[in-house]
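Some notes on the structure that comes next.
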DNA sequence: GTAATATATGAACAGTTATTCATATATTGA
DNA sequence: TCAATATATGAATAACTGTTCATATATTAC
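Residue numbers (our numbering), protein chains in the order written: chain A, 1 to 116; chain B, 1001 to 1116.
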């Protein structure tokens, strides 16, 4: 049955889409990454860490907000593997997990024509 | 005052971070893009549209869910400029806005080692 | 051991968001 | 004009999320 003017092409695309649709689990993992970096407060932390590793005190200094709020956001970024942490005495030092993180940010910034 | 073991480096990084922090508005725009693609239901639509343009009926066929839910998600993706729409008779035909969209998806998929 | 400091976390609240349902708009064909 | 079809949308609700506050844990210096 015809449901639209380009039935043949659209139907083929829909079939291909179903065949090539990533598994639910992979989609969830991709969504989780984007969700982690879709909040201004967390984006600020990532932009800050481009300058190099920092302990929580200095991250708070760089991005503003309370220590508690920043700490909660750090956990979310850490769970999403966007940042990694190591202890150094009393401090926990955070840094970007890998170069993909900056690459994604820069790709979108370029897309939006905003100066990073 | 010393607040951590690597006071000098971290303080310098924090200062640089503040100096280089994108403007609030740009951060918001970047966050909005990621938010738009951080929901499994919307990601599915984007993955589906990699196969080519489709009208709503076929998008629903490809990704599942109700027509109403898909239509709401299409609006969000459209507002975020991730997809574009054109009318073709009774149908609205959707397609990916540009190649950046797929680039971002593939970058993250690579990062996660999941087969797209 | 105790005090001080750095960081993390649970609970609660407020704000946001995805879905559903019902309905509206727009186009086509008669 | 009217019926049928495709798509969009407002309102309502349930689920989710970010922040705050209070407190817990871990490390260091004494």
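Where is the CB? At the ideal position from N, CA and C, for every residue including glycine.
Span separating the alpha-carbon of residue i from that of residue j
i	j	result
residue 1111 (chain B)	residue 37 (chain A)	14 Å
residue 41 (chain A)	residue 67 (chain A)	12 Å
residue 157 (chain A)	residue 28 (chain A)	The structure shown does not extend to residue 157 (chain A), since chain A spans only 1 to 116, so no value can be given for it.
residue 95 (chain A)	residue 25 (chain A)	27 Å
residue 44 (chain A)	residue 12 (chain A)	42 Å
residue 55 (chain A)	residue 61 (chain A)	10 Å
residue 101 (chain A)	residue 57 (chain A)	22 Å
residue 107 (chain A)	residue 1073 (chain B)	23 Å
residue 9 (chain A)	residue 1053 (chain B)	8 Å
residue 21 (chain A)	residue 1039 (chain B)	15 Å
residue 5 (chain A)	residue 1098 (chain B)	24 Å
residue 115 (chain A)	residue 31 (chain A)	25 Å
residue 49 (chain A)	residue 69 (chain A)	17 Å
residue 83 (chain A)	residue 1075 (chain B)	32 Å
residue 109 (chain A)	residue 1023 (chain B)	12 Å
According to DSSP, residues forming a beta bridge with residue i
i	result
residue 114 (chain A)	Beta-bridge pairing links residue 114 (chain A) to no other residue.
residue 1096 (chain B)	B:1083
Residue interval of the beta strand (DSSP E) (run including residue i)
i	result
residue 1063 (chain B)	Careful: residue 1063 (chain B) lies outside any beta strand (DSSP E), inside the alpha helix (DSSP H) at 1056–1063.
Residues of the region 1074–1094 of chain B with Cβ closer than 7 Å to any Cβ of chain A, in chain order: 1088, 1089 and 1091: these are the residues of the region 1074–1094 of chain B whose beta carbon lies less than 7 Å from some beta carbon of chain A, given in chain order.
Which residues, taken in chain order from the region 26–41 of chain A, show a beta carbon closer than 7 Å to some beta carbon of chain B? Taking 7 Å as the Cβ-Cβ cut-off against chain B, the residues of the region 26–41 of chain A that qualify are 26, 27, 28, 29, 30, 31, 33, 34, 35, 37, 38, 39 and 40.
Contact residues within the region 1057–1068 of chain B, judged by C-beta distance below 7 Å to chain A: Against chain A - using a Cβ distance shorter than 7 Å - the residues of the region 1057–1068 of chain B are 1057, 1058, 1061 and 1062.
Alpha helix (DSSP H) runs wholly inside the region 3–44 of chain A, at least 4 long, in chain order: List check, alpha helix (DSSP H) in window: 7–20 and 24–36.
With a floor of 3 residues, list each beta strand (DSSP E) that falls wholly inside the region 1066–1092 of chain B, ordered by position along the chain. Counting only runs of 3 or more, we get 1083–1088.
Relative to chain A, which residues along the region 1094–1111 of chain B have a C-beta separation below 9 Å, given in chain order? If you check each beta-carbon in the region 1094–1111 of chain B against every beta-carbon of chain A, the ones closer than 9 Å belong to 1098, 1100, 1101, 1103, 1104, 1105, 1107, 1108, 1109, 1110 and 1111.
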